[in-house]
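Numbering (the numbering used here), first residue to last: 2 to 464.
Everything on this sheet refers to the single structure shown next.
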Amino acid sequence: MLPSNRISRRQFATILATTGVSSLAGCSNDSETGGTPTPDDATPSGTPDEGDSSVPLAAIEQQSVPVAFSASSDGFDTVASTVSTAPIVGIGENSHGVREFKTAPYHLIRRLVSNHGYRLIAMEGTLGDFEAINEYVTGGDGRLEDAMSSLDFYFWQTAGLRELFEWLREFNAGRADDDQVVVYGYDAQFYHTNAEAIRSYFEAVDSEYLSEITDRLEPLTVPPSEKSDAEFITDDRVSFLEELRERLRTKKSTYVDRRSLSAWQLTMRHVWTLERGLRFFETSHQEGTAHAEALRDGAMARNVSWLRDWTGADRAVVLGNSNHTMRGYRGSGETNARMGQHLTDEFGADYYSLGQLFGTGSFGVPTNHARTEFKSFDLGEPIDGTLAATFVSASNSRLFLDFDDARNDANIDRWLEGISKIQFSVPSAAQRGSVPLPASPGDTYDGVLFVQNVTPAQFTSGE
């Protein structure tokens with residue numbers, strides 16, 4: 002056993018954040034549908050050699066927790082109790098196209114909400130994109146099907162998420178407003194969503210002013226995919242956004258009387274996020290994806306922090322692609338920090354990074370630009386040098402491993418230090434199946450939920 006005074010990885014990350022020193026590494030490129038790694042030349046290897054003493058499979062099985070995907074699962078009770086030691090829990094999926102990665106959060110979030118007091122669900126999606134979902138879960142009259150179909154990201158439109166939203170509505174029924182669970186997006190990418198929210202706000206509080214700014218605001222409500230040019234940030238737009246902020250500040254008292262302080266604060270945040278979205282696309286066109294993603298992940302983290310303050314929900318769940326929720330950097334020399342790294346820098350051990358990992362199986366990918374048609378692809382065998390290459394031989398096909406607990410076994414600690422890759426699926430390279438992301442899971446995650454054989458998610462029409 003290791004000495005009892007050994008500090009945890011999350012405590013260590015806190016120390017690194019305060020000293021400006023870190024060994025976390027990783028590099029990737031994201032697509033517009035979420036964080037996805039850049040494939041390298043590694044190839045699948047199949048299962049590890051059971052005679053290899055460097056792979057402590059027996060110890061891993063002893064330290065891990067079997068997890069059944071059911072409402073009565075003792076395993077998920079243990080997962081919830083473990084991750085809830087941190088008030089902010091990031092749940093990352095290593096594939097947007099896996100059915101089990103949509104249902105596992107449902108079982109875990111139910112427990113975090115019911116038993117551990119979590120009241121904010123922050124999801125990968127532009128601030129404002131989940132407005133209709135939030136209205137539904139807090140008792141609104143709208144149809145859930147309509148709310149889900151309005152989401153920018155196709156990968157949330159599954160039966161597992163629908164089940165979660167239905168349960169949240171049931172949980173909230175009859176509860177005081179300050180005890181209800183709320184759902185908001187934290188992304189800062191699709192700025193037209195923010196512009197639409199700003200327009201709706203001024204329609205309600207100052208229609209006369211809205212008529213004065215329509216010519217400048219309306220172009221911002223056009224989705225970036227429908228733009229005929231690549232011009233996003235201009236001097237006029239920067240001036241216009243400052244004008245919006247000044248108008249909101251000078252008319253604050255009047256606007257708050259007509260709506261609420263909360264609505265005013267949210268609109269101010271929409272202006273902030275709108276500018277970040279414009280800069281994301283401008284940077285992507287001028288400097289490339291890597292620089293744009295650095296801006297995006299930083300804005301994501303700041304929006305998560307802002308949402309906690311704005312909602313008053315100290316305990317929050319953050320859902321998204323693992324390449325956003327996990328710690329570390331996409332670039333060399335501690336550049337292009339992921340959202341999870343930013344959150345660790347700000348909150349230290351109060352942030353728990355949970356990864357959802359797959360072994361083998363298949364995943365779903367959109368096949369047309371509108372993301373209304375989908376196809377399944379085979380993931381192949383687990384990639385050598387990943388956790389999956391070992392976990393796939395475990396007797397439990399679905400398991401949870403908390404790294405702090407597991408590292409109490411010296412053999413696991415040494416083995417985990419030697420793992421240097423994390424496998425993902427990438428829609429743009431779907432034919433390749435599993436692809437490796439160079440990163441140490443022992444540094445980027447606090448724990449993992451592993452599914453040995455996964456199945457493709459079924460989008461829009463339900464699973």
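Ideal Cβ placement from N, Cα and C applies to all residues, glycine included.
Keep in mind that this is a model prediction, so the values were computed, not measured.
Per DSSP, Tyr185 forms a beta bridge with which residues?
DSSP, once it has assigned bridges, lists Ala123 as partnering Tyr185.
Within 10 angstroms of its Cβ, does Gln158 collect 16 or more other Cβ (buried), or is it exposed?
Classification for Gln158: buried.
Expected contact under 8 Å - CB spacing of Gly126 and Gly341 to nearest Å
So it is not a contact: roughly 17 Å between Cβ atoms.
Compare the beta carbon distance of Tyr353 and Val84 with 7 Å and say whether it is the shorter of the two.
Going by C-beta atoms, Tyr353 is nearer than 7 Å to Val84.
Simplified DSSP state of Gln424, which is helix, strand or coil:
DSSP places Gln424 in strand when its eight states are reduced to three.
Identify whether Val206 lies in helix, strand or coil by the three-state DSSP scheme.
DSSP places Val206 in helix when its eight states are reduced to three.
Here's a check: name, in chain order, each residue in its chain whose Cβ is nearer than 7 Å to the Cβ of Arg415, leaving out the five neighbours to either side.
In the same chain as Arg415, and ignoring 5 residues on each side of it, no C-beta atom comes closer than 7 Å to its own.
Assuming the contact rule is C-beta atoms closer than 8 Å, Val366 and Pro437 should be a hit. Round their C-beta distance to whole Å, please.
Approximately 18 Å separates the beta-carbon atoms of Val366 and Pro437; this is outside 8 Å, ruling out the contact.
Roughly how many angstroms separate the alpha carbons of Gln287 and Ala133, rounded to a whole number?
If I take the Cα positions, the gap works out to 34 Å.
Those residues which DSSP pairs with Glu332 across a bridge:
What sits at residue 332 in the sequence shown is Gly, not Glu. Thr336.
Sequence-distant residues of its chain with Cβ nearer than 6 Å to Glu101 (five each side left out)
Take Glu101, set aside five residues on each side of it, and the residues of its chain with a beta-carbon closer than 6 Å to its own are Val452 and Val455, in chain order.
C-beta atoms of Leu296 and Met124 nearer than 7 Å
No, the Cβ-Cβ distance between Leu296 and Met124 is not below 7 Å.
In three-state terms, what does DSSP make of Arg112?
In the structure shown, Arg112 adopts helical secondary structure according to DSSP, grouped into three states.
Can you have a look at Asp444 and say buried or exposed, based on whether 16 or more other CB atoms are within 10 angstroms of its CB?
Only buried fits Asp444, as 16 or more other CB atoms lie within 10 angstroms of its CB.
Since Ile413 contacts Thr387 with CB under 8 Å, what's their CB separation in whole angstroms?
Between Thr387 and Ile413 the Cβ distance is about 15 Å, and since that is not below 8 Å, they are no contact.
Is the beta carbon of Ala401 less than 7 Å from the beta carbon of Leu450?
Reading off the sequence shown, one finds Phe at residue 401, where the question assumed Ala. Against a cut-off of 7 Å, the Cβ pair of Leu450 and Phe401 comes out as a contact.
Taking only runs that begin and end inside the region 398 to 422, name each unbroken beta strand (DSSP E) of 3 or more residues, in chain order.
Taking 3 residues as the shortest admissible run, the region 398 to 422 contains the following complete beta strand (DSSP E) segments, listed from N- to C-terminal end: 399 to 403.
In chain order, which beta strand (DSSP E) runs of at least 3 residues are fully inside the region 293 to 379?
Runs of the beta strand (DSSP E) inside the region 293 to 379: 317 to 322, 330 to 332, 336 to 338, 352 to 367 and 375 to 379.
Three-state secondary structure (DSSP) of Gln459
Gln459: coil per DSSP, three-state reduction.
Take the Cβ of His97 as the centre, count every other Cβ of all protein chains shown within 10 Å, and call the residue buried at 16 or more, exposed below.
Using a 10 angstroms sphere on the CB of His97, the tally of other CB atoms reaches 16 or more, which defines it as buried.
Look at Gly289 and Tyr192 and say whether their C-beta atoms are less than 7 Å apart.
Remark: C-beta atoms of Gly289 and Tyr192 do not approach each other more closely than 7 Å.
Tell me whether Gly143 sits in a helix, a strand or coil according to DSSP, three-state version.
Note: Gly143 maps to coil in three-state DSSP.
Give the DSSP-derived three-state secondary structure of Glu382 in the structure shown.
In this structure, Glu382 counts as coil in the three-state DSSP scheme.
Helix, strand or coil: how does DSSP classify Glu232 here?
Three-state DSSP puts Glu232 in coil, outside helix and strand.
Does the distance from the C-beta atom of Ala407 to that of Lys103 stay below 7 Å?
Not a contact, by the Cβ cut-off of 7 Å.
Contact belief for Arg217 with Phe233 at Cβ below 8 Å, rounded distance in angstroms
No, Arg217 and Phe233 are not in contact; Cβ-Cβ is about 14 Å, not under 8 Å.
If you drop the 5 nearest sequence neighbours on each side, which residues of the same chain put their C-beta closer than 8 Å to that of Phe460?
Tyr155, Phe156, Gln158, Thr159, Gly365, Pro367, Arg372 and Phe375.
Proximity test, Cβ basis, 7 Å: Ile214 and chain C:
The chain inventory of the structure shown lacks chain C, comprising one protein chain alone.
Could you name the residues of the same chain whose beta carbon sits closer than 6 Å to that of Thr79, not counting the 5 residues immediately before and after it, in chain order?
Excluding its 5 nearest sequence neighbours in each direction, Thr79 has C-beta neighbours in its own chain below 6 Å: Val66, listed in chain order.
Once you ignore the five residues that flank Ala338 on each side, which residues in its own chain have a CB closer than 6 Å to its CB?
Cβ within range, chain order: Tyr330.
To the nearest angstrom, how far is the alpha carbon of Trp168 from that of Thr194?
Each residue's alpha carbon lies about 26 Å from the other.
Compute the distance between the beta-carbons of Val318 and Tyr119, then report whether it is under 7 Å.
Yes, Cβ-Cβ distance for Val318 and Tyr119 is below 7 Å.
Cα-Cα separation between Phe348 and Gln432, rounded to whole angstroms
The straight-line gap separating the alpha-carbon atoms of Phe348 and Gln432 is approximately 39 Å.
Could you tell me the distance, in whole angstroms, from the CA atom of Gly463 to the CA atom of Gly161?
Annotation note: pLDDT 40 at Gly463 (below 50); position unreliable, coordinate value reported separately. Roughly 8 Å separates the two Cα atoms.
Just to confirm, is the Cβ distance from Ala291 to Phe281 under 7 Å?
Going by C-beta atoms, Ala291 is not nearer than 7 Å to Phe281.
Can you tell me where the beta strand (DSSP E) with Leu438 in it begins and where it stops?
Note, Leu438: beta strand (DSSP E), Ser435 to Pro439.
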